[in-house]
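In structure tokens:
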């Protein structure tokens, strides 16, 4: 059994102000938290997430720049927000600076509130096991449009986390978001929902279909990227 006693899901980062947790699992499965897991699993020393593309450029000296604007790699960046690019990049021992539209903002919103873990499908079991050591856990969906709109792919991923955590805990209290996620996990094919999400369709049309399939490789990287340090407008994730 685990230490977990209360579990909830925030459908958008704006709900963080109403959430009381010790551990936050932040999900942007398409694609930021997936890409972060791959970067660190492949040997990056650190992934520093920042609030904007200009901010990333300000941290560029000696670093690998990764990120996206409207899904595409910004001019002058070394990598996009792409797990397939991360898997092929020479990044061992390097510091990566990353800015994206949704995932990095969600991580920054959670940073400083407690233990913050970048959660995705590629590290599902590892991240869930780490979270299970805490009594109160919140799963935070990054959403789209800078966290202003619901993203079904993040909620479907959250549903798998709820199913995993609830299945290993006794006397667990679920918040309303977690109750809904638990119902989804029982009734729906979560990976199929990720594939059919509006953002997945946008990425596929833009040529990023391989990233979607990579993001669905459950437990391919058993790592726990967590926020090890943070400040105004930045957070450093390490293993």
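Residue numbers (this note's numbering): 880 to 1118. Ideal Cβ positions, reconstructed from N, Cα and C, are used throughout, including at glycine.
task: Out of 1060, 891, 903, state which residue places its alpha-carbon closest to the alpha-carbon of residue 1013.
output: Here residue 1013 refers to the residue found at position 134 when the chain shown is read from its first residue. With distances taken between CA atoms, residue 1013 lies nearest to 903 out of 1060, 891, 903.
query: What three-state label does DSSP hand residue 903 in the structure shown?
result: Taking the chain shown and counting its residues from 1, the one referred to as residue 903 is at position 24. Per DSSP, reduced to three states, the secondary structure at residue 903 is strand.
message: To the nearest angstrom, how far is the alpha carbon of residue 909 from that of residue 1050?
response: The residue labelled residue 909 in the question sits at position 30 within the chain shown. The residue labelled residue 1050 in the question sits at position 171 within the chain shown. Roughly 33 Å separates the two Cα atoms.
- prompt: Beta-carbon separation of residue 1002 and residue 1064 under 7 Å?
  reply: In the chain shown, the residue the question calls residue 1002 occupies position 123. In the chain shown, the residue the question calls residue 1064 occupies position 185. For the pair residue 1002 and residue 1064, the CB atoms are not nearer than the 7 Å cut-off.
query: Can you pull the DSSP bridge partners for residue 1018?
result: For the purposes of this step, residue 1018 is taken as residue 139 along the chain shown, with counting starting at 1. Residue pairing from DSSP places residue 1018 in a beta bridge opposite 888, 904.
- request: Would you kindly report the start and end of the unbroken beta strand (DSSP E) that includes residue 927?
  value: One-based indexing of the chain shown puts residue 927 at position 48. Per DSSP, residue 927 is one residue of the beta strand (DSSP E) stretching across 925-929.
- request: Excluding the 5 residues preceding and the 5 following residue 966 in the sequence, name in chain order all residues of the same chain whose CB lies nearer than 8 Å to its CB.
  value: As a first step, residue 966 is located in the chain shown; it is residue number 87 there, counting from the start. Answer for residue 966: 917, 921, 1093, listed in chain order.
field: Close Cβ partners of residue 1043 (< 8 Å) along its chain, the five nearest in sequence each way excluded
entry: By one-based count along the chain shown, residue 1043 stands at place 164. Counting only Cβ-Cβ distances below 8 Å, and skipping sequence neighbours, we find 1003, 1004, 1007.
- request: Return the first residue and the last residue of the alpha helix (DSSP H) that residue 914 is part of.
  value: For the purposes of this step, residue 914 is taken as the residue at position 35 of the chain shown. Here the alpha helix (DSSP H) through residue 914 covers 911-920.
task: Specify whether the stretch 956-965 and the stretch 1081-1097 touch according to this definition: at least 3 beta carbon pairs, one from each stretch, less than 8 Å apart.
output: The stretch 956-965 is in contact with the stretch 1081-1097.
- prompt: Would residue 1114 pass as a contact of residue 990 if the rule is Cβ separation under 7 Å?
  reply: In the chain shown, counting from the first residue as 1, residue 1114 sits at position 235. In the chain shown, counting from the first residue as 1, residue 990 sits at position 111. Between residue 1114 and residue 990, the CB-CB gap stays under 7 Å.
- request: In the DSSP assignment, find the unbroken alpha helix (DSSP H) run with residue 932 in it and report its ends.
  value: Counting from one through the chain shown, the residue named residue 932 turns up at place 53. 932-937 is the extent of the alpha helix (DSSP H) around residue 932.
field: Three-state secondary structure assigned by DSSP to residue 951
entry: Along the chain shown, read from residue 1 onward, the residue named residue 951 stands at position 72. Reduced to three states, the DSSP call for residue 951 is strand.
message: Per DSSP, what are the beta-bridge partners of residue 977 in this structure?
response: By 1-based counting over the chain shown, the position of residue 977 is 98. Looking at the DSSP output, residue 977 bridges to 928, 945.
message: What would DSSP say about residue 1028, mapped onto helix, strand or coil?
response: Here residue 1028 refers to the residue found at position 149 of the chain shown. Shown here, residue 1028 sits in a strand according to DSSP, grouped into three states.
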